[in-house]
Amino acid sequence: MKLLVVTAVCLLVSTDAFLFGCACPPRPTLCDGYVAPKPYYPIAPKPYYPEPPKPYYPEPPKPYYPEPPKPYYPEPPKPYYPESPKPYYRVSPPPYYAASPG
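Here the sequence shown stands for residues -17 to -1, 1 to 85, numbered as in mature numbering (1 follows the signal peptide of the UniProt record, and there is no 0).
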């Protein structure tokens, strides 16, 4: 689709130039398939500056303060409550209902 639009515009421009005359010299366009070369400017290499070495400052030793001993409070013993035995109830079978004559 884009190619059709570009082709149509190129044909229109070239037709106008042909019919009405163009005083300026023909410039290369994308329609001719010619791409003007870009001028080449060599990029100067960047000078190499090595990073200066960083000064080494050793960390001063940290003062050692031992942790104060924590007071020891033994946990009070937990009371022991054994589970009481569950009473045994004999489960009686469900009542049997005879089928009623009917």
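Glycine included, C-beta positions come from ideal geometry on N, C-alpha and C. This structure is a prediction, so every number in the text was calculated from the model and none was measured.
Item                                                                                                                                                                          : Value
Leaving aside the five residues before and after Tyr24 along the sequence, list all residues of the same chain whose C-beta is less than 8 Å from its C-beta, in chain order. : none
Consider the Cβ of Glu66: report whether some Cβ of chain D lies at a distance smaller than 8 Å.                                                                              : Reference to chain D is not applicable here, since this structure consists of a single protein chain.
Could you check the C-alpha separation between Glu34 and Tyr47 for me, to the nearest Å?                                                                                      : 37 Å
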